[in-house]
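Each step along the sequence shown adds one to the number in UniProt numbering, with nothing skipped, and position 130 is 130. Every residue, glycine too, gets a C-beta built ideally from N, C-alpha and C. Okay, so here's the structure we're looking at.
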Amino acid sequence: MLIKEDQYIIEKVHGEGKNCADFMLSAVYGSNNRGIRMQLWASRREAGQNVGCMPLVVGGDFNIIRAVSESVGGGRPEVGAIDEFNCCVKDCELVEHPHTGSQFSWCRNWKDRGVLGVLDRVLCNHNWFTCFSASEVDVPTPTDSDHYSLNITVKSDIPQEPRPFKYQPF
1 MLIKEDQYII EKVHGEGKNC ADFMLSAVYG SNNRGIRMQL WASRREAGQN VGCMPLVVGG
61 DFNIIRAVSE SVGGGRPEVG AIDEFNCCVK DCELVEHPHT GSQFSWCRNW KDRGVLGVLD
121 RVLCNHNWFT CFSASEVDVP TPTDSDHYSL NITVKSDIPQ EPRPFKYQPF
């Protein structure tokens, strides 16, 4: 493990085979407390400098939405906290990975679909999309948890070498 903090880890993943690139993977569990999340944002900014030009994927429970439209039901979202998260995403030069499946990734009172939000997400740097533009993220609807899973399929865009043609007469 390269970096281990209270709210996230970063690990280097080695691609297997000559057609797979190495990349950095970061798993996040952001605090429910806004002040403690501020420590996460500061630490992420520092960690981002250590990634260099490696492809990076960051996924997990950030415990904050990025836009008011990402929350349905419940109280009014903290716009200041949303802005802090978005500033961190921008400063770290990360972008949201498109996903299929559920629009939301969390639900309070999930059996009754009470309060919905996008607290769990996958973010990537530009080098990720250069190397893994065919990668996919799916957010299936949960069956027994308030958090939805984030299923990431890593697909390398490194061209496969053509297989040699072999003629076998019968």
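For Ser105 and Lys155, what's the separation of their Cα atoms in angstroms?
Rounded to whole angstroms, Ser105 to Lys155 spans 23 Å at the Cα level.
CA-to-CA distance, Leu2 to Arg66, given in whole angstroms
Computed Cα separation, rounded: 27 Å.
Closest by CA to Gly52, which one among Phe132, Pro140, Cys92?
That would be Cys92, whose Cα lies nearest to the Cα of Gly52.
Would Cys107 and Asp144 qualify as a contact pair, given that the criterion is a beta-carbon distance under 8 Å?
Not closer than 8 Å, so no.
Could you check how far apart the C-beta atoms of Leu150 and Val122 are, in whole angstroms? I think they sit under 8 Å.
The pair is a contact, with the Cβ atoms about 6 Å apart (cut-off 8 Å).
C-alpha gap between Ile152 and Gly48, whole angstroms:
In a straight line, the C-alpha of Ile152 is about 21 Å away from that of Gly48.
Which runs of the alpha helix (DSSP H) at least 4 residues long sit entirely within the UniProt domain "Endonuclease/exonuclease/phosphatase" (35-147)? Give them in chain order.
Runs of the alpha helix (DSSP H) inside the UniProt domain "Endonuclease/exonuclease/phosphatase" (35-147): 79-91, 126-131.
Are the Cβ atoms of Leu116 and Val72 separated by less than 8 Å?
At the C-beta level, Leu116 and Val72 come within 8 Å of one another.
Could you say which of Lys4, Glu70, Ser43, Pro142 lies nearest to Cys88 if we only look at CA atoms?
The candidate whose alpha carbon is nearest that of Cys88 is Ser43.
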